[in-house]
Amino acid sequence: MTLRLAHASCPAVCIIRPHAALSAAPSGLTACHGGYYLSVSMAMTNSVTGMELVTDLLPESERGHAPDNMHDIPFGTLFTDHMFSMTYSDGRWHDPCIHPYRPISLDPAAMCLHYGQGVFEGMKAYRNGEHVLLFRPADNIRRLNRSAERMVMPRVDEDATRYYLKCLVSIERAWIPPQPGCALYIRPTMVAVEPKLGVRAANKYLFFIVLAPVGPYFKEGFKPVRLMVSTSDARAANGGVGAAKTMGNYAAGLRATKLAEGAGCKQVLWLDACERKFIEEAGTMNVFIKFDDELVTPPLTGTILPGITRDSVLVLARDWGLTVNERRVSIDEVVEGTGSGKVEEMFGTGTAAVITPIGELLYQGKDYRVGNGEVGSLTRRLYDELTGIQYGTHPDPYGWVVEVE
Ligand SMILES: Cc1ncc(COP(=O)(O)O)c(C=O)c1O
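Per my numbering, residue 183 is the first one in the sequence shown, and the count goes up by one each step.
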């Protein structure tokens, strides 16, 4: 039995049919009864890829929503009802599908498990009443492709991927928490799944998107954090993969992060791998330092992730008439500046961390307080403006926000 109708979440014609896992046809449209799912096959065919997005959705009665106690849920531990996936083989992507969230099955020889060929992204959907907003989604998908190219993985079609992402978020809109400071975290991921032992680029890949309703990344909320400057481990070296959002970069940071946590710090402040002299980035954040009337962030020389929040802060600060420089900053310049008062504020930027004030640095066993250790006025102004744009409560003159229908 098939029936064509307009699906409320995606502006396309849909086909209702029994869930693929069930063999018998349902007796009618009461497909939620008797164990049948409504399977919605979108007739929307992307003009670039020629691919049809199929959706296999749970019945409404089996779907959940964002919980009321968002602030009790650790970041990234709760997932929504559905996910997106598509596979790559024979030189092309195929079978894009939105289906119930489920474990993925991998051959033990899948190359991502052995050689680390995998990239991912992190973005958010924000709720403003009935409106659902994405922040610069095209930039995330573009960065995914840059990461994929660095890891010799296939590109995704950017328009089609944006479309799939919007459909998934639209279907899962009940999972976007309405509480201030909460959002739906979006994790697009691509991994090599070809079973083979032997180092080369794989020729089979899986791309999937999962969604997680989240509160603040740091459970303390918008409070200054203490960072430990790593003088032993380094995150990324020249010519390496520091600018790619690839799994190994995060694994490489775990040992220093564990040390930092043991010393009462939230994250590691990384120095360059060559001289251990210049500031790079911190954990999952890019870093900014306000010296007197100059706002500084390390330049994109290939060893740090080109953050989308970083770029947004640069645009805002320049528009506000601040002197903004992307230049190398030594850790000595910063610790001296904390003593002289020249370093007025420091903060980290990231999709998960938003704008996180940095109140203290632990470097070579000594603590250095930034400013008066409180949230600085520029840090607060940037936080208010950026989150205002993201949640649609401030005007967006830059066209960063994209509404999901
Ligand atoms: C290592 C690293 N640096 C910086 C960032 C900030 O990037 P964005 O602002 O695009 O989230 C992230 C988060 O994605 C990250 O993982």
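Glycine included, every Cβ here is placed at the ideal spot set by N, Cα and C.
All of these numbers come straight from a predicted model, not from anything done at the bench.
Check, Outcome
"Buried/exposed call for TYR565, threshold 16 Cβ in 10 Å", "buried"
"Chain-order list of residues whose beta-carbon lies under 7 Å from that of HIS253 (same chain, five-residue window excluded)", "GLY397"
"Distance, GLN361 Cα to SER271 Cα", "42 Å"
"6 Å Cβ shell around CYS294 - same chain, five flanking residues per side excluded", "GLY300, VAL373 and ALA374"
"GLU142 CB to nearest heavy atom of ligand 1 below 7 Å", "Because the chain in this structure spans residues 183 to 587, residue 142 falls outside the shown range and cannot be described."
"Residues near ASP474 by beta carbon distance below 8 Å, same chain, minus five either side", "LYS524 and GLU526"
"Cα-Cα separation, LEU288 to LYS378", "12 Å"
"SER223 to ASN507 span [Cα, whole Å]", "Interpretation of SER223 is limited by its pLDDT of 47, a score under 50 that renders its predicted location unreliable; the figure taken from the coordinates is listed afterwards. The alpha-carbon atoms of SER223 and ASN507 are separated by roughly 50 Å."
"Among LEU347, LYS459, ALA464 and LEU409, the one whose alpha carbon lies nearest that of ALA445", "LEU409"
"ARG563: CB within 7 Å of a non-hydrogen atom of ligand 1", "no"
"Option nearest ASP501 by Cα separation, candidates TYR308, VAL314 and GLU567", "GLU567"
"Inter-stretch contact at 8 Å, needing at least 3 Cβ pairs: the stretch 331-341 / the stretch 376-394", "yes"
"Start-to-end residues for the beta strand (DSSP E) that takes in ARG531", "The identity of residue 531 in the sequence shown is Thr, whereas the question assumes Arg. Its beta strand (DSSP E) spans residues 525-532."
"Beta strand (DSSP E) runs contained entirely in the stretch 386-461, provided each spans 3 or more residues", "387-396, 407-411 and 449-453"
"Sub-8 Å separation of GLU542 and GLY521 beta-carbons", "no"
"Extent of the continuous beta strand (DSSP E) run through MET293", "Run containing MET293: none in the beta strand (DSSP E); it sits in the alpha helix (DSSP H), 293-297."
"Coil, strand or helix - ASN322 by DSSP", "helix"
"Nearest residue (CA-CA) to PRO282, options THR259, PRO319, GLU244 and PHE317", "GLU244"
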